[in-house]
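Following: one structure in structure tokens, then a few remarks.
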Amino acid sequence: MNIFILAVTVVVSIWAFNDSSLFSRLKFSPYQIHHREEVWRFGTYALVHAGWLHLLVNMWVLYSFGNIVERAFRLNYGVKGLFYYFLFYLGGVLFSVLFDYGKYKNNVYYSAVGASGAVSAVVFSSILIFPTGSIYLFPIPFAIPSWLFGILYLVYTAYMQRKGTDNVGHSAHFWGAIFGMMLTVVLLPGVLHNFFFQLGF
167 MNIFILAVTV VVSIWAFNDS SLFSRLKFSP YQIHHREEVW RFGTYALVHA GWLHLLVNMW
227 VLYSFGNIVE RAFRLNYGVK GLFYYFLFYL GGVLFSVLFD YGKYKNNVYY SAVGASGAVS
287 AVVFSSILIF PTGSIYLFPI PFAIPSWLFG ILYLVYTAYM QRKGTDNVGH SAHFWGAIFG
347 MMLTVVLLPG VLHNFFFQLG F
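Letter by letter, the sequence shown follows residues 167 to 367 of my numbering.
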């Protein structure tokens with residue numbers, strides 16, 4: 167399921183890179199949702215990205231951490247775990263932009279794109295599941311512990327949100343993280359106990 171989500175996102179994003187009208191129809195626009203009832207934008211914005219770097223970073227992080235979360239769901243729920251993982255990802259897409267929808271629904275100029283909110287949900291879910299894991303990020307020549315990556319990820323999004331010079335919904339990262347941790351605790355009983363056990367507490 168994780169590979170399927172990744173593949174669909176890559177295909178649609180590349181398509182939108184070459185079709186500005188498609189990009190405009192799919193991006194998150196609270197104003198268009200509120201005033202023109204274009205509710206599909208609550209989900210489709212996660213399928214388009216601001217550029218190649220934005221897409222590649224999101225998809226690499228999703229690939230690196232999503233398999234951990236999907237595997238945990240499958241171990242707990244069997245084949246149904248695939249469906250639960252899909253709902254988990256979709257929930258991250260929706261939940262992560264609710265704050266921005268309320269804040270910007272009357273701002274005709276605000277828009278955002280990218281799967282970062284849902285990816286953030288996946289990242290922080292995987293940190294709860296496997297806090298001693300790690301990730302390699304080019305060009306850093308050594309592995310970064312998952313828990314440290316999570317912290318750096320949020321610091322970066324806070325900086326970019328304050329900078330406000332791109333078309334990326336950075337505040338969605340924070341809310342995606344909150345959603346990811348909350349739903350993981352609900353869906354995977356004992357995950358908090360296992361989290362502290364792995365860290366030696």
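We put the beta carbon where it would ideally sit given N, CA and C, even for glycine.
Keep in mind it's a predicted model, so treat the numbers as computed, not measured.
Task: Neighbourhood of residue 313 by C-beta distance below 7 angstroms, restricted to the same chain and skipping five residues each side - done: Taking the sequence shown and counting its residues from 1, one reaches residue 313 at position 147. Around residue 313: 293 and 297.
Open item on the list: Would residue 205 and residue 192 be called neighbours here (beta carbons separated by less than 9 angstroms)?
Closed with: If you number the sequence shown from 1, residue 205 lands on position 39. If you number the sequence shown from 1, residue 192 lands on position 26. No. Outside cutoff.
TODO: Using only alpha-carbon positions, find the residue among 355, 168 and 195 that is nearest to residue 269.
DONE: Walking along the sequence shown from the start, residue 269 turns up at place 103. The candidate whose alpha carbon is nearest that of residue 269 is 195.
Task: residue 230 (DSSP reduced to helix, strand or coil) - done: Taking the sequence shown and counting its residues from 1, one reaches residue 230 at position 64. Helix at residue 230.
Task: Check whether residue 175 and residue 253 have beta carbons under 9 angstroms apart - done: The sequence position of residue 175 within the sequence shown is 9, counting from 1. The sequence position of residue 253 within the sequence shown is 87, counting from 1. Not closer than 9 angstroms, so no.
Task: Length of the line joining the Cα atoms of residue 241 and residue 208 - done: In the sequence shown, the residue the question calls residue 241 occupies position 75. In the sequence shown, the residue the question calls residue 208 occupies position 42. Distance between the alpha carbons of residue 241 and residue 208: 30 angstroms.
Open item on the list: Please identify the residue among 172, 251 and 255 whose C-alpha is closest to the C-alpha of residue 215.
Closed with: Mapped onto the sequence shown, residue 215 falls at position 49. Cα-wise, what sits closest to residue 215 is 172.
Task: Residues of its chain near residue 290, where Cβ-Cβ distance is below 7 angstroms and the 5 sequence neighbours each way are ignored - done: Locating residue 290 in the sequence shown gives position 124, counting from the first residue. For residue 290, where only same-chain residues beyond five positions count, the Cβ hits under 7 angstroms are 316, 343, 346 and 347.
Open item on the list: Based on DSSP bridge pairs, tell me the residues matched to residue 300.
Closed with: Along the sequence shown, read from residue 1 onward, the residue named residue 300 stands at position 134. 311.
Task: Beta bridge counterpart(s) of residue 278 as assigned by DSSP - done: As a working note, residue 278 is residue 112 in the sequence shown. According to DSSP, residue 278 bridges with 194.
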